[in-house]
Amino acid sequence: MQVSPPTAGTKLMRRSGLPAYALLGLIMLLLSWAFSWGLSGLRTHLLFFPQWVGYCLLVSGIVQRRTGSCLLVRKPSAYLLLFLVSMPVWWLFEGLNLFTQNWIYLGREAFSGTEYFLYSSLSFSTVIPAVFSTAELIATFSWPKKLGKWPGFSLNSRLLWILHGSGWGMLILMLFFPSTFFPFMWLSMFFIIDPLNARFRRPSLIKQLSEGNGQALLVFGAAALMCGFFWELWNVYAYPKWIYSIPYLDFLHVFEMPLAGYGGYIPFGWELYAVYHLLSTRRNWLS
Numbered sequence: 005m006q007v008s009p010p011t012a013g014t015k016l017m018r019r020s021g022l023p024a025y026a027l028l029g030l031i032m033l034l035l036s037w038a039f040s041w042g043l044s045g046l047r048t049h050l051l052f053f054p055q056w057v058g059y060c061l062l063v064s065g066i067v068q069r070r071t072g073s074c075l076l077v078r079k080p081s082a083y084l085l086l087f088l089v090s091m092p093v094w095w096l097f098e099g100l101n102l103f104t105q106n107w108i109y110l111g112r113e114a115f116s117g118t119e120y121f122l123y124s125s126l127s128f129s130t131v132i133p134a135v136f137s138t139a140e141l142i143a144t145f146s147w148p149k150k151l152g153k154w155p156g157f158s159l160n161s162r163l164l165w166i167l168h169g170s171g172w173g174m175l176i177l178m179l180f181f182p183s184t185f186f187p188f189m190w191l192s193m194f195f196i197i198d199p200l201n202a203r204f205r206r207p208s209l210i211k212q213l214s215e216g217n218g219q220a221l222l223v224f225g226a227a228a229l230m231c232g233f234f235w236e237l238w239n240v241y242a243y244p245k246w247i248y249s250i251p252y253l254d255f256l257h258v259f260e261m262p263l264a265g266y267g268g269y270i271p272f273g274w275e276l277y278a279v280y281h282l283l284s285t286r287r288n289w290l291s
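If you want it as structure tokens, here you go:
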């Protein structure tokens, strides 16, 4: 029997220890990145989705390499659900941005209303998968466990309603005084939703904190910040692209984003965790 020699891809898989889908993701990521930056005219609306799907595949493969499992392999239906949940969640933030006007899209005028909705929804579908995949990767390291042991506190129904009410207060202040209270966009949803998760016995960051466990809080905050770095990096030479207009913080830019603006990514990760677990019928799928 004649045995075919191993291909270059097979050799790379053996050396890296990464599954084939992770290498496919790496190729998708690099090609999309190169074309997004290298081509002229409109192109990013076609490349954002495959670039971030490539990122998700690569990160999931690294998780599998480090732990022997990952959400994509362990529960593919739950992973696909992340894409479906992600679209309406980010459209919610687009709606809030109508009040704050913190970012606008260059090149928006090139699309009809239907085209803009479809291309945007496809791009928005990658937000939660990217953050959750990154969170799973960060959770494979030891530092969240070391730093996540915090003193607990008593959590009762009254405190949960106070926190829930504070979230609505933040949202109202942001809607009526957006130029002053725009940072509440990245906090209000968390305080509205996460106490409800605790009440409904769904995964809740506040509940975990009350038990002295801050690991998920650290992991999801760090995951959103890491994704935020790549969102801003890959946006620099893209087109269409987004730019910012942030009152009293519009200085010391890192890419298009003011440095202080990166702080918003941390509670954004908490909001995604809270929103997903409020909407999802599955419980405790992410260990």
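Just so we're on the same page, this note's numbering is the position in the sequence shown counted from 1, plus 4.
Note that beta-carbon positions come from the ideal geometry of N, C-alpha and C, so glycine has one too.
Model, not experiment: these values are computed from the prediction.
Counted within 10 angstroms of its Cβ, other Cβ atoms place Ile176 as buried (16 or more) or exposed: That one is exposed.
Reduced DSSP category for Lys79 - H, G, I as helix; E, B as strand; rest coil: Three-state DSSP puts Lys79 in coil, outside helix and strand.
Option in Phe136, Ser125, Met193, Phe157 with minimal Cα separation from Gly169: Of the candidates Phe136, Ser125, Met193, Phe157, the one whose C-alpha sits nearest the C-alpha of Gly169 is Met193.
Cross-strand partners of Val135 (DSSP beta bridge): Under DSSP, Val135 shares a beta bridge with no residue.
Where the alpha helix (DSSP H) through Trp274 begins and ends: Where Trp274 is concerned, the enclosing alpha helix (DSSP H) starts and stops at 269-283.
Between the CA atoms of Cys60 and Ile132 - distance to the nearest angstrom: Each residue's alpha carbon lies about 10 angstroms from the other.
Unbroken alpha helix (DSSP H) run spanning Trp56, endpoints: First-last of the alpha helix (DSSP H) with Trp56: 48-71.
Straight-line Cα distance separating Trp107 from Asp254: So the alpha carbons of these two residues sit roughly 12 angstroms apart.
Touching by the beta-carbon criterion (3+ pairs, under 8 angstroms), the region 275-283 and the region 247-264: Verdict: no, contact absent.
Trp154 in three-state terms, based on DSSP: In this structure, Trp154 counts as coil in the three-state DSSP scheme.
Assigned exposure category for Pro251 - 16 Cβ within 10 Å defines buried: Flag for Pro251 reads exposed.
Cβ-Cβ separation, Leu159 to Ile210 (assumed contact under 8 angstroms), whole Å: Yes, Ile210 and Leu159 are in contact; Cβ-Cβ is about 7 angstroms, under 8 angstroms.
Phe224 versus Gly173, Phe52, Ser137, residue with shortest Cα-Cα distance: Nearest option by C-alpha distance: Ser137.
7 angstroms Cβ shell around Pro9 - same chain, five flanking residues per side excluded: Any reading at Pro9 must be qualified, since the residue scores a pLDDT of 48, below 50, and its modelled position is unreliable; the value itself is stated next. So no residue of the chain qualifies.
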